[in-house]
Amino acid sequence: MWAFVKKEFLYIFRDYRTMIILFGMPLVQIMLFGFAITNDINNAHIAVLDNSKDVVTREITQKLLSSHYFILDRYLKSYQEIKPAFRRGEIKEVVVFQNDFAKKIKTEGKAHIQLILDASDPNTANILDAYTKGIINTYVFHNLLQGRKIPLHINVQNTMLYNQELKSVFMFVPGIITVILMLISAMMTSITIVREKELGTMEALLVSPVKPAIIIIGKVIPYVVLSFINLVIILLLSQFVFGMPIRGSAPLLLAESLLFLIMSLSLGILISTASKTQQQAMMLSMFVLMLPTILLSGFIFPIENMPLALRLLSDIMPGKWFIIIIKNIMLKGVGIAYFWKETLIILGMTIAFVVMSIKRFNIRLDE
Amino acid sequence: MLPIIILIPVLQLLVLSYTATFEIKNIRLVVVDHDHSTDSRNLINKFSGSRFYKYLGEESSYKQAENDIAAGKTDQVLVIEPDFEKKLITEGNASVQVVTDAINGSAASLMAAYAVSIIQGFNENIVVHKSPLHYHGLPIDVSSLFWYNPELNYITYMVPGILVLLITIIAMFLSSMNIVKEKELSTIEQLNVTPIHKLEFIAGKLIPFWIIAMVDLVIGLLLARFWFGIIIVGSPLLLLSVAAVYLVLVLALGLFVSSLTETMQQAMFISWFVLVIFILMSGLFTPIESMPVWAQQLDKFNPLAYFVKINRMIMLKGAVFNDFRKDFFILAGYAAAMLTFSILKYRKTSG
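Going down the list, the sequences are from chains A and B. First residue of the first sequence? That's 1 in this note's numbering, and the numbers climb one at a time after it. First residue of the second sequence? That's 1 in this note's numbering, and the numbers climb one at a time after it.
Following this line, the structure appears as structure tokens:
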């Protein structure tokens, strides 16, 4: 068996391009997610249409611009300028002050601000709307209501659990781990087994006195090792570069990862029994396994907001359950009592895949 | 193979449009009410009546509520202090605590903002009711207009971008893998000894993929109109023209990748690697303006960034050529350069 292991390792290492991708990909993704990709809104370009130009409107404008959310693109002179500016994508919001603003506050007790938002991106529009209103509200409380104090005030204390600094890496690292483990253990395993089939060497191996199980295990071991090394690298990187902790038990994390690895391996073997060519194995892994996992496992997009059909589909993705387990161990720091259900599901899937693979393998042998 | 090339993008468009959302709806809320007064109950009703929230019920202690978050049963907990109502009346000041599961950082800040805005609305409400003589409401009235997508439909926003994603994936994978397949099967040597000119060979390979990608785009646009109800505000012809140029660029990229690799597996991995980076940074899922300056500079080399932006401008805002002509010329120049470069590189390796 060790001969197989050695041969497989040699094959892998000679293929330096794939190695670069295998190790480089998670690194690049973590870097991107950690430093570049964020849903927060900063430096949004806005325009101001100030029909009044008095002390109050200037102060409010000043308050808006001194926050890091907004950058002033320009002052508009007329309503007609708004449409082209939006169309060219130069600004995301226009703040319109009514004329005689300060005067109206004094005499009528009320003045009007109109916000116009480019809602082609509804998320950004909502957030900018909330920020703008928040800043205006703060101004009102601090500057305009001093004479007449607001009689009743509710203080809101905000606590963010598990991720005080709201780092986006926390959300993505569990998904990155899942995808990489699956990529190496399922996809590459299936490709390598099918390669032997394609080259015709599988038949030769099968007629030899070596048991088929030994062949498969020998081929698969290098990928287990690779996956594990990759996992450790990702964990170390997350911890030391981004301060993502392992609040729970590290050995438990590794044990669950090993379980997930074995499940992916069994899945890879199953795919290999269903494919005749490498290209087929690749397509199957990519479109039936990887892509759905990335989309539906809760890696990037929250599952809770998806329509029912997709939520059900997500339940058959093994990645979904593993991501829950990782988040529980790394970020919530809880013990297995909280995710025994997910663990059992992955265990069950593994057994199912192994049984199916053996059945298919035996059927083919009989042919 | 052909049905796959048509079917898979259609499926992906449908699935991806419904999954790719960062909208927050149905925030699960558990309340720990230490006061059980009229005011506290009214506050809770404000949450249970909100369309953003799904009120799960009460827990009798904070510990139990926090456990609910740990077990993944709820997203947020609202804690109302004892004597909440009394404190409001006698001292004019009371506190509540909002605890949010912040593993998804950006979702958490939105959830917290919603909670705060509901509480502030409640605050203003009771002030107006309890002291109408002294207080007429806030002196500044702010109203908001949402243009181009008044119903704030997230799918309307995502579909144009997803269309770009799909044709890019098709074009990139087809072009990078197909040429490498010839290399792997060694049929490429046979082709090399024929009198066919290198340019003819490449054109013969890329033009069919270009056509397939354009067809996929048209199918996608029809789906967008008749399934998702998204009306193309701008000119469809303009859109297709820009797409034509864009696809040349992507195909040239695929060609470039294939010249670097020897096996289909490598071609697929490298294409995927490059695509993932481009996709994440393209402004499709997260805004480009929010990225740090160095990332935005790098993005100037990202073809997807240009086309996602132009596509959205045309489809959602009815942009005309003048509105984005600078970006278009950059895209066209990039395509020409990439195509030339890839053809030259290809010559050397096949020779």
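Ideal Cβ placement from N, Cα and C applies to all residues, glycine included.
1. In chain A, which residues lie with their C-beta within 9 Å of the C-beta of B/LYS25?
2. Over what stretch of residues does the beta strand (DSSP E) that includes A/PHE97 continue unbroken?
3. Against B/ASN153, what residues of chain A qualify as contacts under a CB-to-CB distance less than 8 Å, listed in chain order?
4. Could you check what DSSP says for B/PHE146 in three-state terms: helix, strand or coil?
5. With 8 Å set as the bound, which would you pick, yes or no: does the beta-carbon of B/LEU251 sit closer than that to a beta-carbon of chain A?
6. How is A/VAL334 classed by DSSP in three states: helix, strand or coil?
7. Interface residues of chain A around B/ILE119 at Cβ under 8 Å?
8. How would you label A/TYR75, buried or exposed, when you count the other beta carbons within 10 angstroms and need 16 or more for buried?
9. Between the beta-carbon of A/VAL220 and the beta-carbon of A/LEU265, is there less than 8 Å?
10. Could you run through the segment 101 to 120 of chain B and flag, in chain order, every residue whose CB is less than 8 Å away from some CB of chain A?
11. Residues in its own chain within less than 6 Å of B/GLY351 by CB, not counting five upstream and five downstream?
12. Under 8 Å by Cβ, that's how I've got A/PRO212 and A/PHE361 pegged, so tell me the actual separation to the nearest angstrom.
13. Give me the chain B residues within the contact set of A/HIS112, using Cβ-Cβ distance strictly less than 9 Å, ordered along the chain.
14. With 8 Å as the threshold, decide whether the Cβ of B/ASP216 is near any Cβ in chain A.
15. What residues from chain A crowd round B/TYR18, counting only those whose CB sits closer than 8 Å?
16. Do the segment 246 to 260 of chain B and the segment 339 to 356 of chain A touch if we need at least three Cβ pairs shorter than 8 Å?
17. Can you give me the start and stop residues for the beta strand (DSSP E) that B/ALA94 sits inside?
18. Against B/TYR246, what residues of chain A qualify as contacts under a CB-to-CB distance less than 9 Å, listed in chain order?
19. Indicate whether at least one CB of chain A lies closer than 8 Å to the CB of B/LYS345.
20. Going by beta carbon distance, what residues of the same chain come within less than 8 Å of A/VAL334, once the five residues before and after it are set aside?
21. With a cut-off of 8 Å, does the C-beta of A/SER168 fall near any C-beta of chain B?
22. So if I threshold CB-CB distances at 9 Å, which residues from the segment 319 to 345 of chain B count as touching chain A?
23. Using a C-beta to C-beta distance shorter than 7 Å, which residues of chain A count as neighbours of B/ALA70?
24. Bridge partners for B/ARG28 per DSSP, in chain order?
25. At a Cβ cut of 9 Å, what residues of the segment 3 to 36 of chain A count as close to chain B, listed as they run along the chain?
26. Which residues, in order along the segment 265 to 280 of chain A, keep a beta-carbon less than 9 Å from a beta-carbon of chain B?
27. Evaluate A/SER66 with the Cβ neighbour count: other Cβ atoms within 10 Å of its Cβ, from every protein chain shown; 16 or more gives buried, anything less gives exposed.
28. B/ASN123 versus chain A: which residues are under 8 Å apart at the beta carbon?
29. May I ask you to list the residues that DSSP assigns as paired with A/ALA44?
30. Give me, in chain order, the residues of the same chain whose beta-carbon lies closer than 6 Å to that of A/ALA111; leave out the 5 immediate sequence neighbours on both sides.
31. Here's a check: name, in chain order, each residue in its chain whose Cβ is nearer than 7 Å to the Cβ of B/TYR334, leaving out the five neighbours to either side.
32. Give the C-beta separation of B/VAL386 and B/THR74 to the nearest angstrom, bearing in mind that I take them to be a contact with Cβ-Cβ under 8 Å.
33. Could you tell me the boundaries of the alpha helix (DSSP H) in which A/THR18 lies?
34. Less than 8 Å between CB atoms is the rule here; does B/PRO303 satisfy it with respect to chain A?
35. Using a cut-off of 9 Å between C-beta atoms, extract the partners of B/ARG312 located in chain A.
36. How many Å lie between A/LEU231 and B/ALA336 at the Cα?
Let's see:
1. Within chain A, the residues near B/LYS25 are GLU304 and ASN305.
2. Annotation for A/PHE97: the continuous beta strand (DSSP E) segment containing it runs 93 to 97.
3. Within chain A, the residues PRO122 have their CB atoms less than 8 Å from the CB of B/ASN153, given in chain order.
4. Strand at B/PHE146.
5. Chain A contact via Cβ: absent.
6. Under the three-state reduction of DSSP, A/VAL334 is assigned to coil, being neither helix nor strand.
7. Those within 8 Å of B/ILE119 in chain A are ILE154 and VAL156.
8. It is exposed - the Cβ of A/TYR75 has fewer than 16 other Cβ atoms within 10 Å.
9. Yes, the Cβ-Cβ distance between A/VAL220 and A/LEU265 is below 8 Å.
10. Against chain A - using a Cβ distance shorter than 8 Å - the residues of the segment 101 to 120 of chain B are ASP101, ALA102, ILE103, ASN104, GLY105, SER106, ALA107, ALA108, SER109, LEU110, ALA112, ALA113, ALA115, VAL116, SER117, ILE119 and GLN120.
11. Reliability fails at B/GLY351, whose pLDDT of 43 lies under 50, so the model's placement of it is uncertain and no value is given.
12. Right, the Cβ-Cβ distance comes to about 7 Å (below 8 Å), so this counts as a contact.
13. Neighbours of A/HIS112 on chain B, chain order: ILE140, ASP141, VAL142 and SER143.
14. Output row for B/ASP216: interface = no.
15. Simply MET306, PRO307 and LEU310.
16. Contact between the segment 246 to 260 of chain B and the segment 339 to 356 of chain A is absent, with fewer than three C-beta pairs closer than 8 Å.
17. Looking at the DSSP string, the run of the beta strand (DSSP E) that includes B/ALA94 is 93 to 101.
18. Neighbours of B/TYR246 on chain A: none; closest Cβ ~17 Å, over 9 Å.
19. Using a CB distance cut-off of 8 Å, B/LYS345 does not count as an interface residue toward chain A.
20. Correct list, in chain order: GLY248 and ASN328.
21. Residue contact check for A/SER168 against chain B: a CB pair falls below 8 Å.
22. Answer in chain order: ALA319, VAL320, ASN322, ASP323 and PHE324.
23. Chain-order list of chain A residues neighbouring B/ALA70: LYS332, VAL334 and TYR338, by C-beta distance under 7 Å.
24. According to DSSP, B/ARG28 bridges with B/LYS54.
25. Those would be ASP15, ARG17, THR18, ILE20, ILE21, LEU22, GLY24, MET25, VAL28, GLN29, LEU32, PHE33, PHE35 and ALA36, in chain order.
26. Result list: GLN278 and GLN279.
27. Burial call: exposed.
28. Under a criterion of Cβ atoms nearer than 8 Å, the residues of chain A adjacent to B/ASN123 are, in order, LEU152, HIS153 and ILE154.
29. Paired residues: A/PHE70.
30. Taking C-beta separations shorter than 6 Å and ignoring five residues to either side along the sequence, the partners of A/ALA111 in its chain run GLN98, PHE101, LYS104 and ILE105, following chain order.
31. Excluding the 5 residues flanking it on each side, B/TYR334 has same chain C-beta neighbours closer than 7 Å at LEU249 and PRO303, in chain order.
32. Nothing about residue 386 of chain B can be read from this structure; chain B reaches only from 1 to 351.
33. Residues 16 to 31.
34. Contacts with chain A at 8 Å (Cβ-Cβ) do not include B/PRO303.
35. Ordered by position in chain A, the residues that pass the 9 Å Cβ test against B/ARG312 are GLY89, SER120 and ASP121.
36. So the alpha carbons of these two residues sit roughly 41 Å apart.
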